[in-house]
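Asker: Protein chains in written order, with this note's numbering: chain A, 69 to 406; chain B, 69 to 406. C-beta: ideal position from N, C-alpha, C; glycine also. Keep in mind the model is a prediction, meaning the values are calculated, not measured.
There are 2 protein chains.
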Amino acid sequence: MSNAKHIHLVDTTLRDGSHAISHQYTAEQIATIAAGLDQAGVEFIEVSHGDGLAGSSINYGRSAISEEEMLKAASSVIKNATLTVLLIPGIGTQEDLEMAINCGAKAVRVATHVTEADISQQHIAMAKKMGLKAIGFLMLSHMVEPDKVVEQAKLFESYGADVVYVADSAGAMLPEDVKARISAVVDAVNVPVGFHAHNNLTLATANSLAAIEAGATYIDGTCRGLGAGAGNCQIEALVGVLDKKGYHTGIDLYKIMDVAEDLVEPIMHRPQVVRNAPFMLGYAGVYGSFLLHAYRAAEKFNLDPRDILVELGKRKMVGGQEDMIIDVAYQLSKKRGA
Amino acid sequence: MSNAKHIHLVDTTLRDGSHAISHQYTAEQIATIAAGLDQAGVEFIEVSHGDGLAGSSINYGRSAISEEEMLKAASSVIKNATLTVLLIPGIGTQEDLEMAINCGAKAVRVATHVTEADISQQHIAMAKKMGLKAIGFLMLSHMVEPDKVVEQAKLFESYGADVVYVADSAGAMLPEDVKARISAVVDAVNVPVGFHAHNNLTLATANSLAAIEAGATYIDGTCRGLGAGAGNCQIEALVGVLDKKGYHTGIDLYKIMDVAEDLVEPIMHRPQVVRNAPFMLGYAGVYGSFLLHAYRAAEKFNLDPRDILVELGKRKMVGGQEDMIIDVAYQLSKKRGA
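1) Is it buried or exposed, Arg404/B, if we count other Cβ atoms within 10 angstroms and call 16 or more buried?
2) Just curious, the beta strand (DSSP E) that Arg249/A is in, first and last residue?
3) Determine the chain B residues that contact Met211/A at a beta-carbon separation under 9 Å, and present them in chain order.
4) Once the 5 residues before and after Met69/A are set aside, which same chain residues still bring their CB inside 7 Å of it?
5) Closest to Asp288/A by CA distance: which of Met138/A, Val261/A, Lys312/A, Lys313/A is it?
6) Is the Cβ-Cβ distance between Gly308/A and Asn267/A less than 7 Å?
7) How far does the beta strand (DSSP E) with Gly387/B in it extend, from its first residue to its last?
8) Can you tell me whether Ser143/B is buried or exposed? The criterion is at least 16 other CB atoms within 10 Å of its CB, across all chains shown.
9) If you measure from the beta carbon of Thr270/A to each beta carbon in chain B, is any gap under 7 Å?
10) Please check the pair Leu208/B and Leu242/B, which I expect to be a contact at CB under 8 Å, by giving their CB distance rounded to whole angstroms.
11) Please classify Ala235/A: is it buried, with 16 or more other beta-carbons within 10 angstroms of its beta-carbon, or exposed?
12) Verify whether the separation of the beta carbon atoms of Val178/B and Val212/B is less than 7 Å.
13) Taking the alpha-carbon of Leu294/A as reference, which of Met325/A, Leu277/A, Asp311/A, Pro339/A has the nearest alpha-carbon?
14) If I measure Cβ to Cβ from His49/A and keep anything under 6 Å in the same chain, skipping five residues before and after, which residues do I get?
15) Count the other CB atoms, across all protein chains shown, that sit within 10 Å of the CB of Ala397/B; report buried if there are 16 or more and exposed otherwise.
16) Nearest chain B C-beta to Met241/A closer than 7 Å, yes or no?
17) Ignore the nearest five residues each way along the sequence and tell me which others in Gln162/A's own chain have a CB closer than 7 Å to its CB.
18) Exposed or buried, what is Ile126/B when buried is set at 16 or more other beta-carbons lying within 10 Å of its beta-carbon?
19) What does Thr273/A reach in chain B if we use C-beta pairs closer than 8 Å?
20) Is Val309/A close to chain B? Criterion is C-beta to C-beta, closer than 7 Å.
21) In its own chain, which residues sit with a C-beta less than 7 Å from the C-beta of Ala21/A, not counting the 5 before and 5 after it?
22) In whole angstroms, give me the CA-to-CA distance for Asn370/A and Pro346/A.
23) Check the DSSP bridge columns for Phe263/A and list the partner residues they point to.
24) Can you give me the C-alpha to C-alpha distance between Asp372/B and Gly129/B, rounded to a whole angstrom?
25) For Glu304/A, count neighbouring C-beta atoms within 10 Å of its own C-beta (all shown protein chains included) and say buried if the count is 16 or more, exposed if not.
26) Along the alpha helix (DSSP H) that carries Thr81/B, what are the first and last residues, could you check?
27) For chain A, find out if any of its Cβ atoms is closer than 7 Å to the Cβ of Glu184/B; answer yes or no.
28) Within the chosen definition, does the stretch 101 to 118 of chain A reach the stretch 133 to 141 of chain A through at least 3 CB pairs nearer than 8 Å?
29) Could you tell me whether the Cβ of Phe347/B comes closer than 7 Å to any Cβ of chain A?
30) Between the alpha carbons of Lys247/B and Ala278/B, how many angstroms are there, rounded?
31) For Asn344/B, which beta-bridge partners are listed by DSSP?
32) Which of helix, strand or coil does DSSP assign to Ile159/A?
33) How would you list, in chain order, the residues of chain B whose beta-carbon sits under 8 Å from the beta-carbon of Lys313/A?
34) Kindly say whether Asn300/A, judged by its beta-carbon, lies nearer than 7 Å to any beta-carbon of chain B.
35) If you reduce the DSSP assignment to three classes, tell me which class Met69/B lands in.
36) Who are the neighbours of Ala305/A on chain B, taking C-beta pairs under 7 Å?
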């Protein structure tokens, strides 16, 4: 037996990755990829619409098949992994979670904006009552200081979460930002702490390592980094890097490399590279949904859309405030003219 | 004036990047890209065949145009940057360097295997005599311990090098490997120290940051990470990350992003993603030229080629030892059968 520290890896190719293929996974693709991940030794396999249970809609994009079919496709092939679902309160409901359990889900990640953990109380309690592993997941954690992340993580813990996650949903963090948040949370809670990276600044693997150094023991990734914009942490690369560093993941490196190259890469719609638009979202630290609005406002006021994004990031604007982008652009253009 | 620490960036899109487009840059492409980089404020623009001056050959791949045409195309548009060439002793000669100077080169990087800095003495002396900035460049620095890197860097310094570089040519280093080598060299020499990353382990940006934290002040990159296999450090992302961290590069982030997306991306032959083969080269820490040999030997002995690469890495085999790959495969297969 090795004495190496164990890191729990969560593969979210079949959940967060689905954004990058417009949620068009077929049952066969899900079964094949989930089987491959399971055989490679992946501990947690997350399967849901990209925006979680019941995310399939006109707003968030329709899945090719029902969530029930997705989960059954995965659970029919999984032998060892924990089938995991994502639930965003306000999108997914208690009924959705019951359906997921009936389809074989054993763990749920309840995700909220980093300042809104309180809306997860009922869902986490329900998950625990139903015998699931419950994971609290704080999205866009770069937007607040570490002490606020701690406060919200403690809420999750108080509701009964078995694990709390810090998610860099915009890919906006530098390794020191990750370390500050993870180490503060690790110090403050008695449950394991996880980290979810995005690659907007080309730092997803480095940030995952920074999280582990700061005490995180749960880390997310996707095959080939499949995900919206710049994508996620490339899990097969992370496995190899963790091997080199002497950590234990229980994952067979070659097998997960083969899942990435033979099963996931062929169904990708585009290569997972860091182009300018996703880079700027990470650089500015803003929502993906701001991008189109910023480009439109830039054209109207003859500005560089990147300056608008940076300003939105400085003002820490959040989803739902898209209407104000035009005001910001107007103010910027006045300032330029002055 | 800002008090931020200045980092000198060397863009090698038009040298190391040329491997990834089979050395087929046209004079027009070189002029357009060099002009864009110069206007963006890039300090050093390296232009040469991927294997340095006189690299154009059947062995290393023929360039589309002569090195003279390449350098003239660049120097005709460069207003502020230092036009830099690469010279590998044994490939490039004194005559090649004279040609480069006549075409506007102001700096030369003399590159040797990490244990062979001694073959650079004449070239560095000659470069200094001719008024060039001379940069010693230690390739495949992961293969030896930090004290050996120091010994070789000191040789460069003793020959008159103005800067010494540690290059992770195989993309095999973890951030701690970079820090160990860079800090040892920084402590031992009185000239600035540089670092050249590759992205095989998805750590090129992180390793560049690690080098800077350890005292390096010269860092290489290419637009979109263009380079052989997994590619180089994506320079426009690095510029943004350095901006966020408060370093000064003198480079306009938006302008270099535009060079990457508008000028370099359209001529790339393939997206710069980390597929399995380049990942394994970094993981095993071996030469790219070993790949095909390892796959052939694997087929012959019914092995996974990745196991052969890992074994070659353990044995620290170097270029020129390709013949021994079949022996290694034979020994591995015997061990498996036993």
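Answerer: Taking the structure as given:
1) In the second sequence, counting from the first residue as 1, residue 404/B sits at position 336. The residue in question, Arg404/B, is exposed, as its Cβ has fewer than 16 Cβ neighbours within 10 Å.
2) Start at 1 with the first residue of the first sequence, and residue 249/A comes out as number 181. Counted as a single uninterrupted DSSP element, the stretch harbouring Arg249/A is not any beta strand (DSSP E) but the alpha helix (DSSP H) occupying residues 243 to 256.
3) What you label residue 211/A is simply residue 143 of the first sequence in a count that begins at 1. Simply none; closest approach about 15 Å.
4) Counting from one through the first sequence, the residue named residue 69/A turns up at place 1. Confidence is the limiting factor: at Met69/A the pLDDT is only 46, short of 50, which leaves the residue's position unreliable and the question unanswerable from this model.
5) Within the first sequence, residue 288/A is the residue found at index 220, counting from 1. Per the Cα distances, Val261/A.
6) In the first sequence, counting from the first residue as 1, residue 308/A sits at position 240. In the first sequence, counting from the first residue as 1, residue 267/A sits at position 199. Taking 7 Å as the Cβ cut-off, Gly308/A and Asn267/A do not qualify as a contacting pair.
7) Position 319 of the second sequence, counted from the start, is the residue given in the question as residue 387/B. Premise fails: Gly387/B is in no beta strand (DSSP E) and is neither H nor E.
8) Locating residue 143/B in the second sequence gives position 75, counting from the first residue. Ser143/B should be labelled buried.
9) As a first step, residue 270/A must be located in the first sequence, where it is residue number 202. So, interface residue.
10) On the second sequence, position 140 is the one that residue 208/B refers to. On the second sequence, position 174 is the one that residue 242/B refers to. No, Leu208/B and Leu242/B are not in contact; Cβ-Cβ is about 15 Å, not under 8 Å.
11) If you number the first sequence from 1, residue 235/A lands on position 167. Buried: at least 16 other Cβ atoms inside 10 Å.
12) Stepping through the second sequence from its first residue, residue 178/B is reached at position 110. Stepping through the second sequence from its first residue, residue 212/B is reached at position 144. Not closer than 7 Å, so no.
13) Counting from 1 along the first sequence, the entry for residue 294/A is found at position 226. The shortest C-alpha separation from Leu294/A is found at Pro339/A.
14) Nothing about residue 49/A can be reported from this structure: the residues present for chain A run from 69 to 406 only.
15) One-based indexing of the second sequence puts residue 397/B at position 329. Buried, because 16 or more other Cβ atoms sit within 10 Å of the Cβ of Ala397/B.
16) One-based indexing of the first sequence puts residue 241/A at position 173. False, the Cβ-Cβ gap to chain B never drops below 7 Å.
17) By one-based count along the first sequence, residue 162/A stands at place 94. Hits under 7 Å: Met194.
18) For the purposes of this step, residue 126/B is identified with residue 58 of the second sequence, where counting begins at 1. When all chains shown are included, Ile126/B counts as exposed.
19) Here residue 273/A refers to the residue found at position 205 when the first sequence is read from its first residue. Leu269, Thr270, Leu271, Ala274, listed in chain order.
20) Residue mapping note: residue 309/A aligns to position 241 of the first sequence, counting from 1. Answer yes: the Cβ-Cβ gap between Val309/A and chain B drops below 7 Å somewhere.
21) Missing from the structure shown is residue 21/A; chain A here goes from 69 to 406 and no further.
22) Here residue 370/A refers to the residue found at position 302 of the first sequence. Here residue 346/A refers to the residue found at position 278 of the first sequence. Going by the C-alpha atoms only, they are around 21 Å apart.
23) In the first sequence, the residue the question calls residue 263/A occupies position 195. Answer is Val234/A, Ile287/A, bridged to Phe263/A.
24) Start at 1 with the first residue of the second sequence, and residue 372/B comes out as number 304. Start at 1 with the first residue of the second sequence, and residue 129/B comes out as number 61. If you take the alpha carbons of Asp372/B and Gly129/B, they lie about 29 Å apart.
25) Working through the first sequence from its first residue, we reach residue 304/A at position 236. By the neighbour-count rule (16 or more Cβ atoms within 10 Å), Glu304/A is buried.
26) For the purposes of this step, residue 81/B is taken as the residue at position 13 of the second sequence. No alpha helix (DSSP H) holds Thr81/B; DSSP gives it neither H nor E.
27) Counting from 1 along the second sequence, the entry for residue 184/B is found at position 116. The C-beta of Glu184/B comes no closer than 7 Å to any C-beta of chain A.
28) yes
29) As a position in the second sequence, residue 347/B is number 279, starting the count at 1. Yes, its Cβ sits closer than 7 Å to a Cβ of chain A.
30) Taking the first residue of the second sequence as 1, we reach residue 247/B at position 179. Taking the first residue of the second sequence as 1, we reach residue 278/B at position 210. The straight-line gap from Cα to Cα measures roughly 6 Å.
31) Here residue 344/B corresponds to residue number 276 of the second sequence, with the count starting at 1. For Asn344/B, which the question treats as bridged, DSSP gives no partner whatsoever.
32) Within the first sequence, numbered from 1, the residue matching residue 159/A stands at position 91. Correct three-state label for Ile159/A: coil.
33) Counting from one through the first sequence, the residue named residue 313/A turns up at place 245. Listed along the chain, the chain B residues whose CB falls inside 8 Å of the CB of Lys313/A are Leu242.
34) By one-based count along the first sequence, residue 300/A stands at place 232. Taking Cβ atoms only, chain B never reaches closer than 7 Å to Asn300/A, which makes this a no.
35) Working through the second sequence from its first residue, we reach residue 69/B at position 1. At Met69/B the pLDDT is 46, less than 50, meaning the model places this residue with poor confidence; the figure from the coordinates comes in the next sentence. In the structure shown, Met69/B sits in coil (DSSP, three-state: anything other than H, G, I, E or B).
36) The residue given as residue 305/A occupies position 237 in the first sequence. The answer, in chain order, is Leu269, Thr270, Val342, Phe347.
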